[in-house]
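Novice: Mapping to this note's numbering: the sequence shown position 106 is 174, numbers consecutive.
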Amino acid sequence: MKFINLSIYISDYLSRYLPGIAGLSTNTIFSYRDMFRLLLNFYECELSISPEKILIDHFNQNNITAFLKWLETNRNNSISTRNIRLASIHSFCRYLMKKEPSLMEEMRQILDIPYKKTKKGTIEYINQDTMRFLLSLPDIRSKAGLRDATLLSLLYDTGCRVQELCDLRPIDIRLNTPATVKITGKGNKIRVVPILPSMSKLLGDYMESYSLNKDNLNFSPLFQN
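1) Bridge partners of I258, per DSSP?
2) Quick check: does the Cβ of S148 come within less than 7 Å of any heavy atom belonging to the ligand GDP?
3) Tell me which same chain residues have a C-beta within less than 8 Å of the C-beta of L74, skipping the five on either side of it?
4) Give the single residue among L115, L280, E114 and R101 whose Cα lies nearest to the Cα of R153.
5) Which of the three DSSP states, helix, strand or coil, is assigned to L92?
6) I need the boundaries of the alpha helix (DSSP H) containing C161, first residue and last residue.
7) Provide the residue span of the alpha helix (DSSP H) that contains N128, from first to last.
8) Does the Cβ-Cβ distance between F291 and L219 come in under 8 Å?
9) May I ask you to list the residues that DSSP assigns as paired with N73?
10) Counting C-beta neighbours from all protein chains within 10 Å, is the total for F110 16 or more, i.e. buried, or is it exposed?
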């Protein structure tokens, strides 16, 4: 068992288990994929083990602990980012325990690696005058300014996350009364959010300016660089 290449399990985990069995969203799977990219880079750069030579035996508590330290010291990752990577590793460990029960003890040792506590700072708010000033900064007479104004206003009006905004498509926008935006959140949970008439007007102008009101662009990103 210890001489089996780890890549076999990584491929199955990312391509079959996470989307097909766990039913995770594409964005969540991308986060797990990014963790493995970093892990493979760590093995190659710090342990001189190329990706195709990483074995199950190399996936152990000592190496994972060193990897987490490397994230903080070499890549200047925050504690919260370190904890997110550890959560991805723990999830992979649970998958391996089910896939290969003979690995349960080794995986349990990795699961024993604790999350670090983070200091939660005070969340500051933006008052109305400041927000009004920020929303007035883009010059809506230009296409880029109209895009920026629409993007910022939509974030403010709907309260959506940045990733949720990036995932929006023209088909998710309803401009007729009552105007709404269909937002896909974490875990592919969908919520329909009403928007103000002024927001609907701004969105309509933006979509017309960028020709996003055509049927063949219904599934294109609503906002692009």
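In this text, a Cβ means the ideal position worked out from N, Cα and C, and glycines have one as well.
Specialist: From the atom records:
1) For the purposes of this step, residue 258 is taken as the residue at position 190 of the sequence shown. As a beta-bridge residue in DSSP terms, I258 pairs with T252.
2) Of ligands this structure carries none, so the ligand GDP is not represented either.
3) By 1-based counting over the sequence shown, the position of residue 74 is 6. Same-chain partners within the cutoff: I122, L123, I124, H126 and F127.
4) Along the sequence shown, read from residue 1 onward, the residue named residue 153 stands at position 85. Ranking the options by Cα distance to R153, first place goes to R101.
5) Position 24 of the sequence shown, counting from 1, holds the residue named residue 92. DSSP, reduced to helix, strand and coil, places L92 outside both helices and strands of the structure shown, so it counts as coil.
6) Sequence index remark: in the sequence shown, residue 161 carries index 93 (1-based). In the DSSP assignment, C161 falls within the alpha helix (DSSP H) that extends over I147 to K167.
7) Walking along the sequence shown from the start, residue 128 turns up at place 60. Here N128 belongs to no alpha helix (DSSP H), and DSSP marks it neither H nor E.
8) Position 223 of the sequence shown, counted from the first residue, corresponds to residue 291. Position 151 of the sequence shown, counted from the first residue, corresponds to residue 219. Judged by their CB atoms, F291 and L219 are nearer to each other than the 8 Å cut-off.
9) The residue given as residue 73 occupies position 5 in the sequence shown. Among the bridge pairs identified by DSSP, N73 is matched with L123.
10) Numbered from its first residue, the sequence shown carries residue 110 at position 42. Buried.
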